[in-house]
Amino acid sequence: MRRWLADAETALANHSDRLNAINIFPVADGDTGTNLYHTVRAASTAAAATEGTDLGLLLGAAGQAAMEEAWGNSGTLFAVFLDAFAASLAGHTRLSAPLLARALHRAQIRAWSALSEPVGGTMLSVLEAAAGGAAAAAGAGAHEDSNLALAAALDGAVEAALGAVVETEAQLGVLTNARVVDAGGVGLLLVLAALRTTVLGEGIPEDTLETLHGFRVQDPHIHGAQPEAVGVEIMCTIQLSPLDAAVLRQRLDEIGESVIMSPVGAFDDEAGLCRWRVHVHVADPEAAVGLIREIGEPERVAFTELRSQGPGAGAEDAAGQVAEDSRRGH
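Just so we're aligned, residue 30 is where the sequence shown starts under this note's numbering, counting upward by one.
Structure representation (structure tokens):
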């Protein structure tokens, strides 16, 4: 699992520029590759520093780190995915086909529920397809706990995810018009392919990735031809009761878009509170933060202007500007 996250970090670093180039949904700000890379790097760093062989504890620590350090919409959804994936592996020291299928299914449900307005043709569709592919392969043929069954489940998940990425182009009008696949979906595909690479030594060939519309190195930066992104992305962590969390979600839905709320860590039964990671796009950031403070005291508040990173802004090139935006919002 440590090697998986390290491999995923490398894969995203190598492909961040192309992910940025095709990032036009939900806003054309060209930073999906950058955001995923930095979020996965936080998870990988935490996993490397976590001792023990309990897969749930190891990936749980990685998921918590990813949630706390998540960058952007895509990074937040990856963190939700990893945190939910970890929960299904608690107490296990070996990954099996049934566990993989269960973990992907749980992650799929959690990711869909984290968004106020989930949309198909995105990372959500790719995760759903991967969960279905793993489950179908895990239930066929070899003994379910065998290495052969795990290999089949990984193949099923990655192949289904690849097919779902191709289909995203036809599922969202903005992608159809631009003739490009969803950037977040491709990013999740790279993460899942990294798991197959770690276990089986075989990921996704580069020539297969280059069949995805817009993903060839020589293809133009699609997001540059889209309308300029406007508004501000706000991210924070806040302790709330379940009722207050529901109220905050409703209020953010009224003033913003791309609302994502997911619990961070375990629920405190004694206090009746849970830490929540909050993500929203708004036109008026001061009003949004004021609204949040009416319900609770946010921590780690970060603002990022929703503007294009420009052609050639990869994982390291774009990092300075995004970090600068965040510092201004603390």
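Here a beta-carbon is modelled for each residue, glycine too, at the ideal position from N, C-alpha and C.
Note that the coordinates shown come from a computational prediction; the quantities given were computed from them, not determined experimentally.
query = Would you call Val195 buried or exposed, if buried means 16 or more other Cβ atoms sit within 10 Å of its Cβ?
reply = exposed
Our contact map puts Val69 next to Leu34 with C-beta atoms below 8 angstroms; I'd like the distance itself, whole angstroms only. 7 angstroms
Where Asn102 falls, given that 16 or more other Cβ within 10 Å makes a residue buried:
buried
Quiz prompt | Contacts around Ala182, its chain only, beta-carbon distance under 7 angstroms, and the 5 residues preceding and following it disregarded | solution = Ala126, Leu129, Ala130, Ala163, Ala166, Ala167
Q. Are the beta-carbon atoms belonging to Ala312 and Val259 less than 9 angstroms from one another?
A. yes
For the 8 angstroms Cβ check, are there 3 or more pairs between the stretch 289-307 and the stretch 106-115? yes
- [ ] Could you pull the start and end residues of the alpha helix (DSSP H) that Phe332 belongs to?
- [x] Looking at the DSSP string, Phe332 is not in any alpha helix (DSSP H); the run it does join, the beta strand (DSSP E), is 328-334.
Name the residue from Val318, Val210, Ala180, Cys303 whose alpha carbon lies nearest to the alpha carbon of Leu238. Val210
Mark Phe296 as exposed unless 16 or more other C-beta atoms lie within 10 angstroms of its C-beta, in which case mark it buried. exposed
query = If we ignore side chains and look at the alpha-carbon of each, how far apart do Leu153 and Glu299 end up?
reply = 34 angstroms
Q: Quick one: which unbroken alpha helix (DSSP H) runs of 4-plus residues sit fully inside the stretch 205-271? Chain order, please.
A: 212-229, 235-238
Note down the Cα distance separating Gly232 from Arg280, rounded to an integer number of angstroms. 42 angstroms
Item checked: Bridge partner(s) assigned by DSSP for Val307 -> Cys265, Met290
For Trp33, the first and last residue of its enclosing alpha helix (DSSP H): 31-50
ask   = Going by DSSP, what residues sit across from Leu302 in a beta bridge?
value = Asp297
Give every residue of the same chain whose Cβ lies closer than 6 angstroms to the Cβ of Asn52, excluding the five residues on either side of it in the sequence, and list them in chain order. Gly59, Thr61, Ala212, His252
Please report the straight-line C-alpha distance between Leu144 and Leu218, rounded to a whole angstrom. 20 angstroms
* To do: Just the C-alpha distance for Met264 and Gly81, rounded to the nearest angstrom, thanks.
  => 31 angstroms
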